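FYI, in mature numbering (1 follows the signal peptide of the UniProt record, and there is no 0) the residues of the sequence shown are -30 to -1, 1 to 276. Some notes on the structure that comes next.
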Amino acid sequence: LRVDPMVVSFALALHSLSLCMRMWVSFGRAEERKRQLRELRRRRVDLIERERRVKALEKKNEDLIRKASTPRGFMEATMRGLRKDRDPWQISRISSAPPCNGDDLERRPMNTTRPMVTPPARRTHIAIAVDGSEYGERMIKWCAKNHIFSTYEVTLLHVYDFTPFSAAMYPGATMSVVQMNQRMHAAAKAKAMDLLNKHAKIVSDLTGLQPGNLKLALLQGKPRTKVKHAILEFINTNNPTIMICGSRGMGAMKRMLVGSVADFLMHNAKCTVMVVKDEEAETTRTPKKNPVVSPATTQQWVIKVN
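Laid out in structure tokens, this is it:
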């Protein structure tokens, strides 16, 4: 039987290629098993460390737990998981901080009705836009009671509007138009400053903020410049952590025609924006057909996070 040498060479080449592929697959499987073993060892070490910390806390018999979080990315935190529950205590994460060694943990009972709010370690700058309405004063009181700590840096800002008169409008005026504009500008500025001082006193009385942590920002709406653009310019210049403003409860049509300051800031500001809705305006609004009754009347807010 005569065999063609080319066929033999081709068969040997295919056999060699098949052996190489099998060796490569075996090597890959071995590396995958090694990686899985390393991951299991690492998780076991993490679990032992967590158990050690919990036992150390149980010996101390404290009342609260606060666990400083190790900085992780979103995918790593999702894949590895965060140990949140352990009977009868709950371990809660706070803002980014260096890893803890078990001494800086606090215990918190799981049967608490209201979650415990812990001020973050870093400096927080809150900017609040106020106006002269009654709702603005109610919003300031709500923010002072629920969202401002004594360690925060708070800035109250108000935008006042002043449009100077033209000399062509009053040709026979005894007083010069320049002097009249100066007096009206000074009066508008003084009125706006009195409003800021009034709200600053409310915040200081309710929160105990030091004078150095409470600042006032008086902004003037330039001609053809709306209030929302002045506030956005303040945000871009001062970079607050949170911007809080109120909502007047306008409908969809009016919001589209007139424009909402809160809606504009939520879509254009580069910081977190909190919109506080007026509780009394919501309760006095004419109900629609088949209204949905909420279980409790509470203050509502909308938050946009970049």
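Where a beta carbon is used, it is the ideal one built from N, C-alpha and C, also for glycine. Keep in mind the model is a prediction, meaning the values are calculated, not measured.
Where K247 falls: helix, strand or coil (DSSP) = Along the sequence shown, read from residue 1 onward, the residue named residue 247 stands at position 277. DSSP, read as helix, strand or coil, puts K247 in strand.
May I ask you to list the residues that DSSP assigns as paired with A187?
-> Position 217 of the sequence shown, counted from the first residue, corresponds to residue 187. Under DSSP, A187 takes part in a beta bridge, and its partners are L127.
With 16 other CB atoms within 10 Å as the buried threshold, where does S146 fall?
-> The residue you call residue 146 lines up with position 176 of the sequence shown. Of the residues assessed, S146 falls on the exposed side of the cut-off, its CB having fewer than 16 other CB atoms within 10 angstroms.
With DSSP as the reference, please indicate the residues paired to I96 in a beta bridge.
-> Indexing the sequence shown from 1 puts residue 96 at position 126. BP columns for I96 point to V124, I212.
Rounded to a whole number of angstroms, what is the C-alpha to C-alpha distance between A239 and I205?
-> Residue numbering aside, residue 239 sits at position 269 when the sequence shown is read from its first letter. Residue numbering aside, residue 205 sits at position 235 when the sequence shown is read from its first letter. For A239 and I205, the gap between their C-alpha atoms comes out near 7 angstroms.
How about V129 and V197: do their beta carbons lie closer than 8 angstroms?
-> As a first step, residue 129 is located in the sequence shown; it is residue number 159 there, counting from the start. As a first step, residue 197 is located in the sequence shown; it is residue number 227 there, counting from the start. Yes. Within cutoff.
Can the beta-carbon of H95 be found closer than 8 angstroms to that of T125?
-> Within the sequence shown, numbered from 1, the residue matching residue 95 stands at position 125. Within the sequence shown, numbered from 1, the residue matching residue 125 stands at position 155. Closer than 8 angstroms, so yes.
Pick out whichever of F135, G(-3), A170, A187 has its Cα sitting closest to the Cα of P181.
-> Residue numbering aside, residue 181 sits at position 211 when the sequence shown is read from its first letter. The residue from F135, G(-3), A170, A187 with its alpha-carbon nearest to that of P181 is A170.
8 angstroms Cβ cutoff met for I201 and L235 | Position 231 of the sequence shown, counted from the first residue, corresponds to residue 201. Position 265 of the sequence shown, counted from the first residue, corresponds to residue 235. Closer than 8 angstroms, so yes.
8 angstroms Cβ cutoff met for K247 and S217 | For the purposes of this step, residue 247 is identified with residue 277 of the sequence shown, where counting begins at 1. For the purposes of this step, residue 217 is identified with residue 247 of the sequence shown, where counting begins at 1. It is a contact, given that the beta carbons lie within the stated cut-off.
Who are L242's beta bridge partners in DSSP?
-> Numbered from its first residue, the sequence shown carries residue 242 at position 272. What sits at residue 242 in the sequence shown is Thr, not Leu. In DSSP, T242 forms a bridge with I212.
DSSP state of S103, grouped into three classes?
-> Walking along the sequence shown from the start, residue 103 turns up at place 133. Coil.
Mind checking R13: buried by the 16 CB within 10 Å criterion, or exposed?
-> Counted from its first residue, the sequence shown places residue 13 at position 43. Exposed is the call here.
On the DSSP bridge assignment, give the partners of S136 in chain order.
-> One-based indexing of the sequence shown puts residue 136 at position 166. Under the DSSP definition of a beta bridge, S136 lacks any partner.
H117: first and last residue of the uninterrupted alpha helix (DSSP H) it sits in | Working through the sequence shown from its first residue, we reach residue 117 at position 147. That residue, H117, is in no alpha helix (DSSP H); it is neither H nor E in DSSP.
Helix, strand or coil: how does DSSP classify S217 here?
-> By 1-based counting over the sequence shown, the position of residue 217 is 247. Of the three classes helix, strand and coil, the one that applies to S217 here is strand, per DSSP.
Around the C-beta of L127, are 16 or more other C-beta atoms found within 10 angstroms, so that it is buried, or is it exposed?
-> Reading the sequence shown from its first residue, position 157 is the one you call residue 127. A residue is called buried once 16 or more other Cβ atoms fall within 10 Å of its Cβ, and L127 is buried on that count.
Which first and last residues belong to the alpha helix (DSSP H) in which R(-29) is found?
-> Your numbering for residue -29 matches position 2 in the sequence shown. Counting along the chain, R(-29) falls outside any alpha helix (DSSP H), and DSSP gives it neither H nor E.
Any idea what DSSP makes of G178, helix, strand or coil?
-> Sequence index remark: in the sequence shown, residue 178 carries index 208 (1-based). Annotated three-state conformation of G178 is coil, per DSSP.
Since I believe I110 is in contact with I172 (beta carbons under 8 angstroms), could you give me their beta-carbon distance rounded to a whole number of angstroms?
-> What you label residue 172 is simply residue 202 of the sequence shown in a count that begins at 1. What you label residue 110 is simply residue 140 of the sequence shown in a count that begins at 1. With a Cβ gap of about 5 angstroms, I172 and I110 count as contacting.
Measure from the alpha carbon of K161 to the alpha carbon of each residue in F132, T177, E203, then state which is nearest.
-> The sequence position of residue 161 within the sequence shown is 191, counting from 1. Relative to the Cα of K161, the nearest Cα in the group F132, T177, E203 belongs to F132.
Helix, strand or coil for K198 per DSSP?
-> Mapped onto the sequence shown, residue 198 falls at position 228. Residue state, collapsed to three classes: helix.
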